[in-house]
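J.: Sequence positions in the sequence shown follow our numbering and run 26 to 260. Cβ coordinates follow ideal geometry from the N, Cα and C atoms, glycine included. Quantities reported herein were computed from a predicted structural model and do not represent experimental measurements.
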Amino acid sequence: MSDEIIRAENLSKEYVQGDVRVGALQDVSLEVRTGEFIVIVGPSGSGKSTLLNILGGMDVPTSGRVIYAGRDLAELNESELTEYRRSEIGFVFQLYNLMSALTARENVQLATELVSGALDLDEVMEKVGLTDRMEHFPSQMSGGEQQRVAIARALAKNPGVLLCDEPTGALDYETGIRILALLRELNCDYGTTVIIITHNLAVADMGDRMLRMRSGQIVEQRENEEPLPAERIVW
Ligand SMILES: Nc1ncnc2c1ncn2[C@@H]1O[C@H](COP(=O)(O)OP(=O)(O)O)[C@@H](O)[C@H]1O
Ligand SMILES: [Mg+2]
C-alpha cells in the first residue's frame, strides 16, 4: 500500500499562440503523499499555476501524466474528470471567486450539494471562524473573510487535496498569516493534503516540503524537518 495520493510524471506544457510557443512546464515530476502540506514557490511566470491546474484536472499537459490515487487522469472520460474536479479537488484562488449574489452559507452549500460525503456545513463554518458571518454577502465581508468562505467551500466537499493558488496574494500581511495558519490547521485536523503555490519565498518554511520552480522546472526540493508555524513566518 502506498500513501501516495498524486504522482505527476514528466509533465510538459506548451502554449501555442499563432507562431509563438511558450513552454510553461518542462519535464516536471512530483510525488505527493496523503496528508502532506506542500509549498511550491517561484517567481511570476515560472509555471506554478499551470502545474496546479494540470494536477487539478483543469488543464491537460502537452506530454506526461498525472496519476491520482492510482488512476491516470488521461484515462478518465469527461464525466469522470468532472467528478474528479468536483469531489477530489478543492480549489482556493487568490481572488476568492465567490458568487456575489449568494451569502457565505449559500456559497459553501452550492459546492457541497454536488458531492457525496460532504462535511457538516455548520461545523466547517465554525472551523474557519465564520459562524457569525453565514448570512453575509461577499461584498459585506473583508478580503480575509471572503477567503475563509472560499476555503470553507473547498474544504466542505471533503476533498482529497486542497490546491491553493496564491491564497494570500490579495491579503494584507496579518490576514495572510491567519489564512496560512488556517490551512495548516485544516491539514492537521482533517488530514487533507494541501498544496499551496506562492511567489512568496518565506512561505516555503511552513511546508512539510517545499519545491522551488523556475522557468517551468522544479529546480529545488527540500523537506522541512520542523515546518515553521505560520505565525512565525516573516516577510
Ligand atoms: N493560457 C495561456 N496561454 C498562453 N500562455 C500561457 C497561458 N497560461 C500561462 N501561460 C504562460 O506560461 C508561463 C507560466 O505561467 P503560469 O503557470 O501562470 O506561471 P505562474 O503561476 O508561476 O505565474 C508564462 O510564461 C505564461 O505567460
Ligand atoms: Mg500563477
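What is the DSSP secondary structure of Val-244, reduced to helix, strand or coil?
T.: Val-244 falls in the strand class under three-state DSSP.
J.: Roughly how many angstroms separate the alpha carbons of Val-85 and Ala-99, rounded to a whole number?
T.: Approximately 8 Å, taken between the alpha carbons.
J.: How is Leu-146 classed by DSSP in three states: helix, strand or coil?
T.: Helix at Leu-146.
J.: According to DSSP, is Leu-121 part of a helix, a strand, or is it coil?
T.: Reading the sequence as shown, one finds Tyr at residue 121 and not Leu. Coil at Tyr-121, not helix or strand.
J.: Whether or not the segment 210-223 and the segment 239-246 are in contact is what I'm after, with contact meaning three or more pairs of Cβ atoms, one per stretch, closer than 8 Å; do they touch?
T.: They do not touch, by the three-pair rule.
J.: Would you mind working out which of Leu-77, Ile-65, Glu-61 sits nearest Lys-38, comparing C-alpha positions?
T.: Among Leu-77, Ile-65, Glu-61, the Cα nearest to that of Lys-38 belongs to Leu-77.
J.: Of all the options Gly-81, Glu-29, Thr-87, Ile-30, which has the alpha carbon lying nearest to the alpha carbon of Tyr-40?
T.: The shortest Cα separation from Tyr-40 among Gly-81, Glu-29, Thr-87, Ile-30 belongs to Thr-87.
J.: Suppose you measure from the CA of Asp-145 to the CA of Ala-181; what does that come to, to the nearest Å?
T.: Distance between the alpha carbons of Asp-145 and Ala-181 is about 7 Å.
J.: Counting beta carbon pairs with one atom in the segment 196-206 and one in the segment 124-137, are three or more of them shorter than 8 Å?
T.: Verdict: no, contact absent.
J.: Would you say the beta carbon of Ser-74 is closer than 7 Å to some non-hydrogen atom of ligand 2?
T.: Within the cutoff, so yes.
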